[in-house]
Structures are given as structure tokens and as C-alpha cells.
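**Student:** One structure follows; several queries about it will come next.
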Amino acid sequence: MFEEVGTTTEGDLVINVGPQHPATHGVLHLVLTLNGETIKNVEPHLGYIHRSIEKMSESLTYRQFIYVTSRMDYLSSHINNHACALTVEKGLQIEVPARAQVIRVLMDELTRLASHQLWWGAMAMDVGALTPFFHAFREREAINEIMEETCGARLTMNYICPGGVMIDLHPNFQRKVKEFITLFKSKIDEYDEMVTGNIIFQNRMKGIGLLSKEDAISYGVSGPAARGSGVSCDIRKLYPYEIYGSLNFEEILETGGDCFARYLVRFKEMRQSLSIIEQLIDNIPEGDFQAKTKAVLKLPKGEFYSRVETARGELGVYLISEGGTTPYRVKYRSPGFSNLSALNHMSKGYKLGDLVAIMGTLDLVIPDIDR
Amino acid sequence: MFIVDYIKEVYGAVKSLLTGMNRTGYYFTHHKEIITQEYPDNKDTLVLSERFRGEVVMKHDENNEHACTGCTACELACPNATIKIITKFDVTPEGKKKKAIDTFVYHLELCTMCNLCVEACPTGAITMAQTFEHSVTDRSKLIKKLNQPGSKIREGVE
Amino acid sequence: MFSLEGITDAIYSWLNSTFNPTIALLIEFAIVVVCVIGLFAVLGLVLVFMERKVSAYMQIRLGPNRVGFKGSMQTMADTLKLVLKEGLVPDGADKFLFNLAPFVVMIVAMLILAPIPFARNFQMWDINIGVLYVTAVSSLSVIGILMAGWSSNNKYSLLGAMRSGAQIVSYELSAGLAVLSIVVLTGSLQLSDIVNSQQDGWWIFKGHIPAIISFVIFIIAVTAETNRAPFDLAEAESELTAGFHTEYSGMRFALFFLAEYVNIFIVCSIGAILFLGGWMPFHIGNWEAFNHVMDFIPSSVWFFGKVFFLIFLIMWFRWTFPRLRIDQLLNLEWKYLLPISMFNLLLMTLMAIMGWYF
Amino acid sequence: MTNEALQETITALIPDTQFETGAEWLTITTDAVAIKPLLTALRQTAGLDFDYLFCLSGVDWKTHFNIVYHLSSTTQRHTVVVKAKVNRDNPEIDTVSDIWRTAEFHELEAYDLFGIIFTGHPGLRRLFLTDDWKGWPLRKDYEDPINMIKL
Chain A
0 MFEEVGTTTE GDLVINVGPQ HPATHGVLHL VLTLNGETIK NVEPHLGYIH
50 RSIEKMSESL TYRQFIYVTS RMDYLSSHIN NHACALTVEK GLQIEVPARA
100 QVIRVLMDEL TRLASHQLWW GAMAMDVGAL TPFFHAFRER EAINEIMEET
150 CGARLTMNYI CPGGVMIDLH PNFQRKVKEF ITLFKSKIDE YDEMVTGNII
200 FQNRMKGIGL LSKEDAISYG VSGPAARGSG VSCDIRKLYP YEIYGSLNFE
250 EILETGGDCF ARYLVRFKEM RQSLSIIEQL IDNIPEGDFQ AKTKAVLKLP
300 KGEFYSRVET ARGELGVYLI SEGGTTPYRV KYRSPGFSNL SALNHMSKGY
350 KLGDLVAIMG TLDLVIPDID R
Chain B
0 MFIVDYIKEV YGAVKSLLTG MNRTGYYFTH HKEIITQEYP DNKDTLVLSE
50 RFRGEVVMKH DENNEHACTG CTACELACPN ATIKIITKFD VTPEGKKKKA
100 IDTFVYHLEL CTMCNLCVEA CPTGAITMAQ TFEHSVTDRS KLIKKLNQPG
150 SKIREGVE
Chain C
0 MFSLEGITDA IYSWLNSTFN PTIALLIEFA IVVVCVIGLF AVLGLVLVFM
50 ERKVSAYMQI RLGPNRVGFK GSMQTMADTL KLVLKEGLVP DGADKFLFNL
100 APFVVMIVAM LILAPIPFAR NFQMWDINIG VLYVTAVSSL SVIGILMAGW
150 SSNNKYSLLG AMRSGAQIVS YELSAGLAVL SIVVLTGSLQ LSDIVNSQQD
200 GWWIFKGHIP AIISFVIFII AVTAETNRAP FDLAEAESEL TAGFHTEYSG
250 MRFALFFLAE YVNIFIVCSI GAILFLGGWM PFHIGNWEAF NHVMDFIPSS
300 VWFFGKVFFL IFLIMWFRWT FPRLRIDQLL NLEWKYLLPI SMFNLLLMTL
350 MAIMGWYF
Chain D
0 MTNEALQETI TALIPDTQFE TGAEWLTITT DAVAIKPLLT ALRQTAGLDF
50 DYLFCLSGVD WKTHFNIVYH LSSTTQRHTV VVKAKVNRDN PEIDTVSDIW
100 RTAEFHELEA YDLFGIIFTG HPGLRRLFLT DDWKGWPLRK DYEDPINMIK
150 L
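Next comes the structure, spelled out in C-alpha cells:
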């Protein structure tokens, strides 16, 4: 079932992309074998930002280990926290109050939007257009301000705790979010004008980095990258958690399997997230924002797995408890790690310039891969 | 027709390029859209959210009294061993020994501003401050003592 | 009225009356050299500052605004920094070529300045094959880039240099053909003749459709030739970090940087001379009053105004468009631009023979 | 398919399969030796179609290792968990990277952090840690006095 792993022959050029390289957005190290400009093999070397969060989690209590996961995929840190909190709640069998659920989902979608905006800017920068990056940051800033006001931090919010959220919404929250919705709706069309419709951009994207549906499944690709290949894998739809089951939104599916399809999926997801926020922002139920929990949490002996949809794909938290105050073993199934495994397959035979486009549409966040 | 398609394609391509240029041209001429914040200059007008987590501080009132009982709940809640509480025994007027804090050591260099200690505090003695310019030239300056000299526990806080 | 011609004539006559002709000539040479180097420095500073401000406003930023008035001294400060920095030579580099390359690129840029008429009767060397000279010399700069890429002993640099070689050699063709189409109209290779032929109207108006086509092709081709986005494949930041000048630092890097901007200035001034009438003022038919007002504006202002307009256009491209891929870049040249410009040249020749231009 | 139906189908396929129930998903426990035929059957049997390996984790139980495969089907939407017991002294297990390509990376991770050798893996190497790293960090008996801070 394997293709021949590219072997170095005379005339091949082996170059190191990274760990310090503008296109890897972090400390990813790829060893490329090139034939002229054509890629023969890509071999990722990881670990430059490996902090062994899984080992750390083994010595942290159930309240503490949630915050560490903010540092995995720092662009969807809230969603990571959410996944961990869900696992702990599954173990403790806590019913989360309705208000907390809505707040969590609202924050999830805001985080997803912020992440996609950053991705959009960085993606355009990868293919050489530098201006969209700043335009994307303008709208992202509005989200960060909202986050800062309610959660107390802009990126690694640590807003979720087992049983709900740490603190109630800020009184300004609804007004600010509505302002943001109006702002973003007027700007998202500019995004289209600047990048999506651009003929150079389309030529750089279309037919590049093809990933068939079968391969996407076999490589465990998830999230927008897989949905660009037509794999229905949105956890929010398939295995709804919190209140996602009752929300009205679409799972975006594109069948192209190329970079442009993946681009479109993410782009359209921004509008879906916006619609989810619009549905919820006026319907935040009153009530507690946190369920009553004991000061020291002890999960019963057993294994708990919960999965959520981050901005990059499926995040799974596999927690084994031995009945103590700390987990026995935590495994994070991070979306970036699985998506990266398909990179070699996707970029073989394309040009060096395409590699950055492919990496851009995979939306790799290196701490998420390394953990 | 081949030639018609070709011209259409070129027209579409040129149009897409011009739309993009129109957009950047718009921003080039509309300076009101500029979002740059000139940071050190706007320091006086800069408003930080009251929930912003900059560093942990201990609240003291005008009598130089705080509410920390030295229960070490925050120390236990901290994931990074940022807080170290050194306790001592005070002798009350009735002659009983009572546990009180001697020093509340706070390692700012280890702190990730996760708010867990503030959440854990049963008496609300510590809180998050909105300061954010923490850079110092020597790492040891980041180790802070949070209880002010001569401060004591407020009456009635158990 | 302000005129550069008067200044040069005054200096010339004063020198010739004071010294004997040989010494006068030598002094003139010295003055020219100082002027060119001065122009280089000023152009570098102004263009880098302009690029920063243009990019900043397009990216809804303020851009440099701390050093000097509105940040105008920022490039000066940066140059100072670059001068003071250590110029590193990587281990295993071909030291001779490595040190030579920035100077080659620089000297080539300097050479092309010679035949450019900056204002009415203000030209260093009115060579009668001016256009040929410019096209010939400008293709030399690829040697400097290849030298830099090869000698750096860095694979990124090598890839960048190879891309640059392929790119410049290809785009030279359509740039040359676009230039030729104007030469066909004027019947002269001398730049001053070409400018003078536009007394009654610029070629872009007089030559209507074919001239506009060749103008567009010329702008695209020179953008590619100067390695500017969207054709900045040679230094494609997100792919090759910095391409051929990855390993350069300090003053050597500054020379590459300067040469890039001077090259932009040169190609834009060639474009202005050929298509927009050089230093010729803008005239409309027989609107005497209007034409008179236009004549009142000094010729050097006209020239620099046109050049900076073209430079702005190229900067506008850079800060709007994504980069092309190397094969798309070559496709664009060989499959679209070259056939179109060949056909356009044919059309232009026909037009010149039949006298279909105004 | 429901967990019960899955259990029946798999029992029909491989009669002496051991199951753990009670958890969210049906769990199969097996031995390292038997893993390859079992997983191949799970992948290839029509009606089961476990084509999506979404998680592969190693667990150190001090007496033995477990490799836990979380399998799911993108067509049937059912999930099964397979736990393979690996000997701690001689940690070897067959690779499944030829069944699911994603296992290639996940197995590298398990090798790097647990030291479990996946026989037949196309390029077993240290993925996160340096090539000369001593020890297997996620094992419970791993000690690192410099980098590990015990609270």
C-alpha cells in the first residue's frame, strides 16, 4: 500500500525548510528532497516545541490540567479547554447549566473565527500577498478585545473550568459581539475581493495538493482539510456536544480535494460561525454559569474520551483515571499531528512554491503538532 | 468559440486584479481606516478591561490589613508552583497560638496568569492586577512578596 | 524659471573659461560621478521610505513615524545600522565572487543611468543607440544575481538565483519587444530623439491601442525583471527566505537593496521616456492656455512626476497581489506576453508604415 | 451499528474475542500477537468498515503496555476501541501503518515516547526527541532530574 519512499539519487537537492523558516509559522522542520523545483519527498522532523503536555498533565489535578491545553493549539485554546472540561464532566457526570453551555459555544465560535481570520491572513502571506494579513488582524483584534473583557486574557483564556465557565459574561459582551458581527459582515466581502477572486491566487490554489477522499480518511485528516476532500467529519454535526445539536448551521463540504477547496471550506466556515453567533447572542439563557462542584475533583476509575471540533479538526482527549486526583494518562489526539502526516503524500510531485500553499491550507499550528 | 472564451478569461483575470487594486487603493487614500495604536504615547488613555490578568496582587485596605489566612489553597491550586506561602504563629491577646502568614512569595516568572489561585482563595485575599509591563533586567526581581511589610490579617477573617 | 539646463551650461562655460579643456573635462567627470552617487543615495532613501509608507497605508498602518518628520529619517537610520553591521561571509562561500556580486549589481544599475534625460537638455551621455544600450546593459544584472546565489554556498540562494536567471532572461524578450515597438514609431534609438518626437503628444496617446498594449506588457515585464512582487520569485520570502541574498548582511546587503530600488527607478524612467514623453509636459491639441500652463511646470518635475507615478503603480502591484509560481511565471511570459508582444510589434510596424498614428 | 450488534458481528468473525463493556464504546482486548489479523478484519469486513483510525495511544500500566486503537467508520458511524497488551520487557507489536496511513505518525509518537517497537514500520525514528535521547519519557518509571519538576 506504500508508495516508494523517495530515495536520494544524484542530482537531488536536499534542503532543510525550518525550523526557522517564514512559511512554517513556527518551528516545524521539513527535510525536502527536490529534483530541481519539484518535490520528491517531505520528511517532517518535530519536537522543537515539544513540552510533553501529556506527561505534565499526569501530575496536574483535574482543574489544573485544563489550562495547560491552551498551550497546545494556541489559536483555538478555548476549544482545547472545552474538550478537557468535557472529559472531566463526562467522568464526574456533571450537568453543565444551560447558560454555561451557551457561553462555551459562543466562545468556541468566536475562537474559531479568530483562528480562521489569522489563517486567512497567514495563508495569503504564504502565497505572497502581504496586505491581507493586516486586514485580517483588524477584525481579529475585535474578537481579542471581547475575549479580554470577558475572560481576562486575549489568547490563552483559561475561561473554562469543570462544570461551566470561570466567571460570568461581562455586561458589555452582547453589545460588543453585535458590533463585531456588523463589522465583520461588512469586511468579509473585502476578503473575497482581495484574495478569493484574485486570478493569481486561484491559479496558485486550484489543482494543487490533491488529497482524495480515501486518502484523507486513511491519513486521519480531519477538520476543514478533510472536508475539502468531501469527507463529512464535523464533530459538531456528527457527535454533537453541548448545544450544537440544536443549532442551525451547515457542515461545509467541498469535493475538489485541492488547496482551493480547503480554502473555500475554511472561508465558508467563517460565515457559518458568524451565523451560530448570531443565533445565540440574543438567546443566552439566565441562570448559573457554573455547576456546583467539589473543591477537589476525583474522577472514578475508568476511561473517558471526548472529541470536539477545533478550528483545525478533531481534537480528542483520551483520559484514563485510576480514581485519584490526577489523571493516570492523558492522550491528546491533536488535529495538526494527523493532518501533518498527509503532507508528504499531498506535496509529492508539486513545486516548492506549492508546498507553502499546501501547508497554508492545512493550517498547521506547530505547538499543536508537538504538544 | 475559442477566441471569445480566451478574451472572457483575460477580461475576468484583469477584472479580478483590478478589484484587488481598488481595495488597496481605497485604503491607501482613506487614512481614517488606519488602526495603528501608538503604544507608549497613548498610555494615558489606554483602558484595560478590569478582568485583564496581569499579575497576582494581594488586596490591602487603608489600615494595611489583608484577608489572607495562610490556608495555602492558592499554593495547592497553582499548576506551576508560582506561589509559596511561609506561615508563622501569632500569639493572640488571649494567649492562643494562631497561624498567620509570614511571607506570601509570588514568582511572577513562573506565573501563567491562569486565575486558578484567585478562584481557589476562600477569603478573596488575592486578585489579578491589570499591570502588564513586567520586564526587568534581573530575573530575581520577578520574585515578589505580596503582603506589605507590617500588614496583618483583617479582623474577622477566618 | 527653474531650469537644470541653465545650471549645467553655466558650470560648463565657467569650467572651460577657467581651466584648460582637459582639466575641465576631468572636473566634469568628477562632478557627474558625485552627482550619480548622490542621486543613488537619495533615490535609495526616498524610494525605501516611499515603499514603506505606501505599504503601510495600504495595510492600514501608519508606517515609520518616529525618526525625523513623520519618519522620514527612518531609512537614514536603517542605512546607518546596516553600515555599522558586520558583513558576514558564510563558511565555504566563494569569497571573491561573494564580495564582487553586490558591486556588479550596483555598477550595472549605475551604468544605465548614463543615457537617461532627466530634464530638457540634461543628460549625461546622449548616445545614439540609447535604447539598445539600456536593454543590453540591464540584462547584465542577472550575472550579479547568479554570482551572489552561486557563491553563497546556500541552497536557497542557488534556487533563488536560478529562478532569477530564468525569469530575467525570459522577460527581457517581451520588455525588449515592447521597447522596440516605440522605436519603430520614432525611427530612432536615441533617447533624446524619442523624447523630442513626443512634443505634440505622448506615444501612449499617439500610438493608441498597440502603444497601450506594449505599455502594459512593458510594465509587467519590468516588474518581473526587477524581481518585484508579484514576480519576486528570486527572493520569495515564504519559500526561499530571501533567495539570492539570504547570506548577505551589512553593507553588502544594503547594496543589493539599493540596487533593487535604483533598478525600479531606471525601468520606470525608461517607461516614462518611451511611453509618457519623458520630461515633455502634457499637452492637449490646441488648448493654448492649458498648454501654456503645462509648459510653465519645469521639465524635471514632469520627468520625476511620471517616474514616481510608475513607481507607485509597481508598488501598488506589490502590496496587492500574491506571488506567482515559477512555472506560471514562465508560462505567462512564453505563452502570453511574448506572442502578444510579437503580434503587437507587427501591428505597430504596419501602423508606422501606414501612418495610422496621430 | 449499535455496540451489541457490533459485538455479535465481531464475535462471529473472530470467535474468541474478549470484550469489555460498560464504557461509551465497545472495547476489545487482545494480545499484541493477534493484533494484525484482528485489525485487518475490522478494516476489511463489509459492514464493519473501520476506515478511520482517529487515535492511537500507548499506556504504561507498569506491568505491561497497552496500545489503544480508537477506530471509527466514516460510512457506518460506529466506533470501537481495541486494546492490545504489549509485553513490557520486549515491547514489540505489528505495525498497522499499512492499514491506516495515519498510524505511521502515531506509531512514531508511541515509539518515541514509550519505546514500543512497531515491527514492519517503514521508518521508525525518534520523532520529537533527539536521536541520542536516553529513555522513554512517557513511561511511568522515567526519571529526568533536570527537566521534570515534581510538585
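Top to bottom, those sequences are chains A, B, C and D. Going by numbering that gives the first Met the number 0, the first sequence opens with residue 0, and the numbers climb by one from there. Going by numbering that gives the first Met the number 0, the second sequence opens with residue 0, and the numbers climb by one from there. Going by numbering that gives the first Met the number 0, the third sequence opens with residue 0, and the numbers climb by one from there. Going by numbering that gives the first Met the number 0, the fourth sequence opens with residue 0, and the numbers climb by one from there. For every residue, glycine included, the Cβ atom is placed at its ideal position computed from N, Cα and C.
1. I need the DSSP call for D/GLN17, collapsed to helix, strand or coil.
2. Can you give the Cα-Cα distance for B/THR91 and B/LYS97, rounded to whole angstroms?
3. B/ASP101: beta carbon under 7 Å from a heavy atom of the ligand GDP?
4. Of the choices A/GLU189, A/LEU109, A/GLY163 and A/THR292, whose alpha-carbon is the least far from that of A/ARG139?
5. From this set, A/TYR47, A/ALA82, A/SER51 and A/ILE14, which residue's C-alpha is nearest A/ARG370's C-alpha?
6. For D/VAL81, return the contacting residues in chain A, with the cut-off set at a CB-CB distance below 7 Å.
7. Buried or exposed: where does C/LEU275 fall if 16 or more other Cβ atoms within 10 Å of its Cβ makes it buried?
8. Indicate whether at least one CB of chain C lies closer than 8 Å to the CB of B/THR23.
9. Whole angstroms is fine: what's the gap from C/VAL88's alpha carbon to C/LEU239's?
10. For the pair the stretch 57-73 of chain D and the stretch 110-117 of chain D, tell me if three or more CB-CB distances fall below 8 Å.
11. Give me the residue from C/ASP192, C/GLY143, C/ILE142 and C/VAL107 with the minimum Cα distance to C/ASP125.
12. Would you decide whether B/GLY69 is buried or exposed? Buried here means 16 or more other CB atoms lie within 10 Å of its CB.
13. Flag this pair as yes or no: are the beta carbons of D/TRP24 and D/VAL67 separated by less than 8 Å?
14. Can you list, in chain order, the residues of its chain whose CB lies under 6 Å from that of D/THR74, leaving out five sequence neighbours each side?
15. Out of B/SER48, B/LYS42, B/CYS67 and B/ARG50, state which residue places its alpha-carbon closest to the alpha-carbon of B/VAL156.
16. Does the distance from the CB of A/GLY315 to the CB of A/ARG332 come in under 8 Å?
17. Exposed or buried, which one is C/ALA288 when buried takes at least 16 other CB atoms within 10 Å?
18. By the criterion of Cβ-Cβ separation under 7 Å, what are the contact partners of A/ALA152 in chain B?
19. A/PHE1 by DSSP, collapsed to three states: which one?
20. Report the three-state DSSP secondary structure of D/THR29 (helix, strand or coil).
21. Could you spell out where the alpha helix (DSSP H) holding A/HIS373 opens and where it closes?
22. The alpha helix (DSSP H) with C/HIS207 in it runs from where to where?
23. Kindly list the residues whose CB is nearer than 8 Å to the CB of A/VAL180, restricted to its own chain and excluding five residues on each side of it in sequence; keep chain order.
24. On the CB-based measure, 16 or more other CB atoms within 10 Å of its CB, does A/SER211 come out buried or exposed?
25. Which bits of chain C does B/TYR26 rub up against, with CB to CB less than 8 Å?
26. Cutting at 6 Å between CB atoms, please list the residues of its own chain near A/ALA356, excluding the five before and the five after it.
27. Going by alpha carbons, who is nearest to A/ALA123 out of C/LEU232, C/TRP318 and C/GLY277?
28. Closest to A/ALA113 by C-alpha separation, out of A/ALA128, A/HIS134, A/ALA97 and A/ILE93, would be which residue?
29. Kindly list the residues whose CB is nearer than 6 Å to the CB of A/ILE283, restricted to its own chain and excluding five residues on each side of it in sequence; keep chain order.
30. Report the three-state DSSP secondary structure of A/GLN201 (helix, strand or coil).
31. How about A/THR325 and A/LEU27: do their beta carbons lie closer than 8 Å?
32. Identify every residue that forms a DSSP beta bridge with A/GLY163.
33. In terms of residue numbering, what span does the alpha helix (DSSP H) encompassing A/LEU273 cover?
34. Based on Cα-Cα distance, which residue from A/HIS24, A/PRO21, A/GLY25 and A/GLU42 lies nearest to A/ILE14?
35. From C/ILE128 to C/VAL107, what distance separates their C-alpha atoms?
36. Name, please, each residue of chain A whose Cβ falls closer than 7 Å to the Cβ of B/SER15.
**Tutor:** In brief:
1. Start at 1 with the first residue of the fourth sequence, and residue 17 of chain D comes out as number 18. Here D/GLN17 sits in strand by DSSP.
2. Here residue 91 of chain B is taken as the residue at index 92 of the second sequence, counted from 1. Here residue 97 of chain B is taken as the residue at index 98 of the second sequence, counted from 1. The alpha-carbon atoms of B/THR91 and B/LYS97 are separated by roughly 7 Å.
3. The ligand content of the structure shown is nil, which means the ligand GDP is not present either.
4. For this step, residue 139 of chain A is matched to residue 140 along the first sequence. Of all alpha-carbon atoms in A/GLU189, A/LEU109, A/GLY163 and A/THR292, the one lying nearest the alpha-carbon of A/ARG139 is that of A/LEU109.
5. For the purposes of this step, residue 370 of chain A is taken as residue 371 along the first sequence, with counting starting at 1. Of the listed residues, the one whose Cα sits closest to A/ARG370 is A/SER51.
6. Walking along the fourth sequence from the start, residue 81 of chain D turns up at place 82. Listed along chain A is no residue with a C-beta nearer than 7 Å to that of D/VAL81; the closest approach is about 13 Å.
7. For the purposes of this step, residue 275 of chain C is taken as the residue at position 276 of the third sequence. With 16 or more other Cβ atoms within 10 Å, it is buried.
8. Locating residue 23 of chain B in the second sequence gives position 24, counting from the first residue. B/THR23 counts as touching chain C.
9. Sequence index remark: in the third sequence, residue 88 of chain C carries index 89 (1-based). Sequence index remark: in the third sequence, residue 239 of chain C carries index 240 (1-based). Straight-line measurement puts the Cα of C/LEU239 at about 19 Å from the Cα of C/VAL88.
10. Short answer: they touch.
11. Position 126 of the third sequence holds residue 125 of chain C. The candidate whose alpha carbon is nearest that of C/ASP125 is C/ASP192.
12. Locating residue 69 of chain B in the second sequence gives position 70, where the first residue counts as 1. Its Cβ being crowded by 16 or more others within 10 Å, B/GLY69 is buried.
13. As a working mapping, residue 24 of chain D is identified with position 25 in the fourth sequence. As a working mapping, residue 67 of chain D is identified with position 68 in the fourth sequence. Not closer than 8 Å, so no.
14. Walking along the fourth sequence from the start, residue 74 of chain D turns up at place 75. Excluding residues within five positions, the ones whose Cβ falls inside 6 Å are ASP48.
15. On the second sequence, position 157 is the one that residue 156 of chain B refers to. If we check each option's Cα against that of B/VAL156, B/CYS67 comes out closest.
16. Indexing the first sequence from 1 puts residue 315 of chain A at position 316. Indexing the first sequence from 1 puts residue 332 of chain A at position 333. At a Cβ-Cβ threshold of 8 Å, A/GLY315 and A/ARG332 count as neighbours.
17. Position 289 of the third sequence, counting from 1, holds the residue named residue 288 of chain C. When all chains shown are included, C/ALA288 counts as exposed.
18. As a first step, residue 152 of chain A is located in the first sequence; it is residue number 153 there, counting from the start. Simply ARG52 and MET112.
19. Position 2 of the first sequence, counted from the start, is the residue given in the question as residue 1 of chain A. Model confidence at A/PHE1 stands at a pLDDT of 39, short of 50, so the residue's coordinates are unreliable; what they give is reported in the following sentence. Three-state DSSP puts A/PHE1 in coil, outside helix and strand.
20. Mapped onto the fourth sequence, residue 29 of chain D falls at position 30. For D/THR29, the secondary structure class from DSSP, reduced to helix, strand or coil, is strand.
21. Because chain A spans 0 through 370 in this model, residue 373 of chain A falls outside it and cannot be assessed.
22. Taking the first residue of the third sequence as position 1, residue 207 of chain C is located at position 208. The continuous alpha helix (DSSP H) containing C/HIS207 extends over residues 207-224.
23. For the purposes of this step, residue 180 of chain A is identified with residue 181 of the first sequence, where counting begins at 1. Inspection of the sequence shows that residue 180 of chain A is occupied by Ile rather than by Val. By the criterion of a C-beta distance shorter than 8 Å, A/ILE180 is surrounded in its chain by LEU273, ILE276, GLU277 and ILE280, once the five residues flanking it on both sides are discounted.
24. For the purposes of this step, residue 211 of chain A is taken as residue 212 along the first sequence, with counting starting at 1. Result: exposed.
25. Start at 1 with the first residue of the second sequence, and residue 26 of chain B comes out as number 27. What B/TYR26 touches in chain C: TYR56, MET57, GLN58 and ILE59.
26. Indexing the first sequence from 1 puts residue 356 of chain A at position 357. So the qualifying residues of the chain are VAL126, ARG203, ILE207 and CYS258.
27. Numbered from 1 along the first sequence, position 124 holds the residue referred to as residue 123 of chain A. For A/ALA123, the nearest C-alpha among the options comes from C/TRP318.
28. Position 114 of the first sequence, counted from the first residue, corresponds to residue 113 of chain A. Per the Cα distances, A/HIS134.
29. Within the first sequence, numbered from 1, the residue matching residue 283 of chain A stands at position 284. These residues qualify, in order along the chain: VAL101.
30. Along the first sequence, one-based indexing puts residue 201 of chain A at 202. In this structure, A/GLN201 counts as helix in the three-state DSSP scheme.
31. Within the first sequence, residue 325 of chain A is the residue found at index 326, counting from 1. Within the first sequence, residue 27 of chain A is the residue found at index 28, counting from 1. No; because the gap between Cβ atoms is not below 8 Å, this pair is not in contact.
32. Taking the first sequence and counting its residues from 1, the one referred to as residue 163 of chain A is at position 164. Answer is A/CYS160 and A/GLN289, bridged to A/GLY163.
33. As a first step, residue 273 of chain A must be located in the first sequence, where it is residue number 274. Run containing A/LEU273: 258-280, per the alpha helix (DSSP H) assignment.
34. Translated into the one-based positions of the first sequence, residue 14 of chain A becomes position 15. Minimum Cα distance to A/ILE14 is reached at A/GLU42.
35. Position 129 of the third sequence, counted from the start, is the residue given in the question as residue 128 of chain C. Position 108 of the third sequence, counted from the start, is the residue given in the question as residue 107 of chain C. C-alpha separation (whole angstroms): 17 Å.
36. Residue numbering aside, residue 15 of chain B sits at position 16 when the second sequence is read from its first letter. Correct list: GLY196, ASN197 and ILE198.
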